[in-house]
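Enquirer: Can you read through this structure? Questions will come right after.
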Amino acid sequence: MKKTITRIAGVVIAFVVGLAAMMVSGNASQYAFAAETTTITVKGTGSQYSAYRLLNVSIGTAADGSNTYAYTVNSKYEDVLKTATGKTSDADIVSYLNGLSSDSTQLEAFSQAVNSAIAKAGLAADATATGDGTSATFSGVDQGYYLIAQSDSTSSTAKSKSLMILQTAGKTALTVNAKEGTPTVVKKVKENTDGVNDSQAGKYQDAADYNIGDDVPFQLTGTLPATLASYKTYKYVFHDTQSAGLTFNPGSVKVYAVAADGTRTEVNSSAYTLVTSGLSDGETFQVKFDDVKTLTSAAGAAISVDSATKIVVEYTAKLNDNAKLGKPGNPNEVYLEFSNNPNAGGEGETGHTPKDKVIVFTFQAVAKKVDEKGNALKGAGFTLYRQVNGDWVKVATIEAGETTTFTFKGLDSGKYKLSETTVPNGYTKASDIEFTLSATYETTSDDPKLTALTVDPSDAFTVDSTLSTATTTVINKSGFELPKTGGAGLVLLYVVGIGLIAGAVIALVARRRHESASDK
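Throughout the sequence shown, residue numbering follows mature numbering (1 follows the signal peptide of the UniProt record, and there is no 0), covering -34 to -1, 1 to 486 in sequence.
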């Protein structure tokens, strides 16, 4: 049977779907029976949704035998709809809804107003559906004009809540694709130039290695929800937690708004708050936006922010003496807190993302000082140098004293030279040792691992199981021993010695004869 229909607007605020049209008629006698039931499936969601049937629908038959649909206000929501539309009669309310344009700002505002009024009135949903990770389904609900609202999240972290308007007249089943638009956050650490991992230098990744004392650059990148326009204001907070081996540099913080085309604009510091005190759960700092929709540039100009805009925070932290060596590394985590309920206006309910982690690794070199018999030898001093742009730059010096084990803590991958700068009395200076320290770690991982620490030349060093320490043994030989070259060498020494003695005797005898001759 042919169906004759006229349209009343329908839109999904969190996502767009094609909607059936409907007809509003003033002749109730045409509508002899109630509409059938329908099934609404929201795909791609793990959240709980609530359905509110704002308008009821009845099916009628036109003179030509086609189906027509009449909508009437559901008495349960009459006051809510009067508040949201500003209309006083049912006919005016239906007429108002019929005049809304699909995807219009007006329809968006209407859905927010209705949702807010429903929450304020404490009205129960007509149906609820909980997602199984792939979809959420309302089965056997009466056809009508619905507000579908995300009411809860079954995930471990809250999602950005979405609203949608659906009209289901004449549809026994309707499937829509969810686009909740939950924000995300990614943390990265910048790799440095160390002469070994230079192919990664300058890249932001999930792990890097540095020297103790270095300022390590970090980057946080947050996205905004597809539903950003649904919020009057939008709270947005980066929560950053650093391990004891990292010291935050507050003065290094820079914030940027990055548009969809890649245009990067520095955000005026007045647009956010850097919080470093009074924090809980071991947090190091927060970058807090009370309303990320109202940003200004460093020059004071307004920045256009939409759902495609990314918020980027960059800062440095110093790798300090508390840094852990080798495999444990020095983790640094962030999570993002955000408004997740348009009904709350942006300043009320918030959700948060999962944490994202990066790790900074560092290592140490150890030199053990012994004599040629393998006994620990005191009185030596060492200096470690690092090759930078072809030059040897001093890393540290350990002066001579009672120690026989020399530890150079907090090293990056790189090329090094170990030089004995103080030699124990009675011993000859050991040769300089040049070596390359190379660390291998995962650069793209939710939990990056250190997988190897190698030293070249490998026969001069040993590496421990925690991949934290490269150890070498430096041997001093006594300075009083003559070089030994075997039996032939000894014979040669004896011959030379005897020759020298004989020469001296001959010279002495000759001198005395000369003196005697002179006396005569």
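Just so it is clear, CB atoms sit at the ideal spot from N, CA and C, and this is done for glycine as well. Keep in mind the model is a prediction, meaning the values are calculated, not measured.
Determine the closest residue to Gly110 out of Thr100, Gly161, Ser77 and Tyr37, with distance taken between C-alpha atoms.
Expert: It is Tyr37.
Enquirer: Mapping DSSP to helix, strand and coil, what is Trp358?
Expert: The answer is strand: DSSP assigns Trp358 an E or B state.
Enquirer: Would Gln78 be called buried (16 or more neighbouring beta carbons within 10 Å of its own) or exposed?
Expert: With 16 or more Cβ atoms within 10 Å of its Cβ, Gln78 is classed as buried.
Enquirer: Can you tell me where the alpha helix (DSSP H) with Ile325 in it begins and where it stops?
Expert: Here Ile325 belongs to no alpha helix (DSSP H); instead the beta strand (DSSP E) covers Asp322 to Phe327.
Enquirer: Taking the Cβ atom as the reference point for each residue, do Asn40 and Leu20 lie within a distance shorter than 7 Å?
Expert: Closer than 7 Å, so yes.
Enquirer: What is the rounded straight-line gap between the Cα of Ile59 and the Cα of Leu113?
Expert: Cα-Cα distance, rounded: 15 Å.
Enquirer: Are the CB atoms of Lys9 and Ser101 within a distance shorter than 7 Å?
Expert: Cβ distance < 7 Å, so Ser101 and Lys9 count as in contact.
Enquirer: How would you call Gly97, buried or exposed, if buried means at least 16 neighbouring beta carbons within 10 angstroms?
Expert: By the 10 Å Cβ count, Gly97 comes out buried.
Enquirer: Are Gly292 and Leu403 touching if we call contact CB-CB under 7 Å?
Expert: No, they are not a contact pair.
Enquirer: Check whether the stretch 292 to 307 touches the stretch 337 to 354, counting contact only when three or more Cβ pairs, one atom from each stretch, lie closer than 8 Å.
Expert: As far as the Cβ criterion goes, the stretch 292 to 307 does not touch the stretch 337 to 354, which means the pair count is below three.
Enquirer: To the nearest whole angstrom, what separates the beta carbons of Val46 and Ile84, a pair I think is in contact under 8 Å?
Expert: Contact holds; Cβ gap of about 6 Å.
Enquirer: In angstroms, rounded to a whole number, what distance separates the CA positions of residue 506 and Thr5?
Expert: With the chain represented from -34 up to 486, any question about residue 506 goes unanswered, as that position is not in the structure.
Enquirer: Curious, which full-length beta strand (DSSP E) runs of at least 3 residues does the stretch 51 to 108 contain?
Expert: Runs found: 93 to 96 and 101 to 108.
Enquirer: Could you tell me the distance, in whole angstroms, from the CA atom of Gly26 to the CA atom of Ala50?
Expert: Using only the alpha carbons, I get a separation of about 29 Å.
Enquirer: Express the C-alpha separation of His318 and Tyr15 in angstroms, rounding to a whole number.
Expert: Answer to the nearest angstrom: the Cα atoms are 19 Å apart.
Enquirer: Check whether the Cβ atoms of Gly392 and Ala366 sit closer than 7 Å, and answer yes or no.
Expert: Cβ distance not < 7 Å, so Gly392 and Ala366 don't count as in contact.
Enquirer: Taking 6 Å as the line, does the beta carbon of Asn143 fall inside it for any heavy atom of the ligand ZN?
Expert: Within the structure as shown, the ligand ZN is missing, as the structure has no ligands at all.
Enquirer: Figure out for me which residue from Ala210, Ser385 and Asp92 has the closest Cα to the Cα of Lys284.
Expert: Ranking Ala210, Ser385 and Asp92 by Cα distance to Lys284 puts Ala210 first.
Enquirer: Taking contact to mean at least 3 C-beta pairs separated by less than 8 Å, is the stretch 155 to 165 in contact with the stretch 186 to 195?
Expert: Because the criterion of three Cβ pairs below 8 Å is not met, the stretch 155 to 165 and the stretch 186 to 195 do not touch.
Enquirer: Can you grab the Cα-Cα spacing for the pair Lys375 / Pro297, in whole Å?
Expert: About 18 Å.
Enquirer: Mind the definition here: the stretch 419 to 428 touches the stretch 172 to 188 only if three or more C-beta pairs lie below 8 Å; say whether that holds.
Expert: No, the stretch 419 to 428 is not in contact with the stretch 172 to 188.
Enquirer: Starting from residue 519, follow the beta strand (DSSP E) in both directions and report where the run begins and ends.
Expert: With the chain represented from -34 up to 486, any question about residue 519 goes unanswered, as that position is not in the structure.
Enquirer: For Ala87, I'd like the list of residues in its chain whose CB is within less than 8 Å of its CB, leaving aside the five on either flank, ordered along the chain.
Expert: Result list for Ala87: Asp45 and Val46, in chain order.
Enquirer: So Gly295 and Ile325 are in contact, right, with Cβ under 8 Å, and what is the actual spacing, rounded?
Expert: 4 Å between Cβ atoms; contact.
Enquirer: Excluding five sequence neighbours on each side, which residues of the same chain lie with their C-beta closer than 7 Å to the C-beta of Ala226?
Expert: For Ala226, where only same-chain residues beyond five positions count, the Cβ hits under 7 Å are Ala274.
Enquirer: Quick one: Cα of Asp172 to Cα of Asp413, how far?
Expert: Approximately 8 Å between the Cα atoms of the pair.
Enquirer: What are the partner residues of Asn286, as DSSP defines its beta bridges?
Expert: Answer is none; Asn286 lacks a bridge partner.
Enquirer: According to DSSP, is Asp172 part of a helix, a strand, or is it coil?
Expert: If DSSP states are grouped into helix, strand and coil, Asp172 belongs with coil.
Enquirer: Does the beta-carbon distance from Asp175 to Ser379 come in below 7 Å?
Expert: Yes, these two residues count as a Cβ contact at 7 Å.
Enquirer: Compute the distance between the beta-carbons of Thr229 and Asp108, then report whether it is under 7 Å.
Expert: Not a contact, by the Cβ cut-off of 7 Å.
Enquirer: May I ask you to report which of helix, strand or coil DSSP gives Gly110?
Expert: DSSP places Gly110 in strand when its eight states are reduced to three.
Enquirer: Is it right to say Ser246 is buried, meaning 16 or more other beta carbons lie within 10 angstroms of its own, or is it exposed?
Expert: Ser246 comes out exposed.
Enquirer: In the DSSP assignment, what are the bridge partners of Lys156?
Expert: Paired residues: Tyr170.
Enquirer: Look up Val279 in the DSSP assignment and give the residues it is bridged to.
Expert: Leu186 and Val221, per the DSSP bridge assignment.
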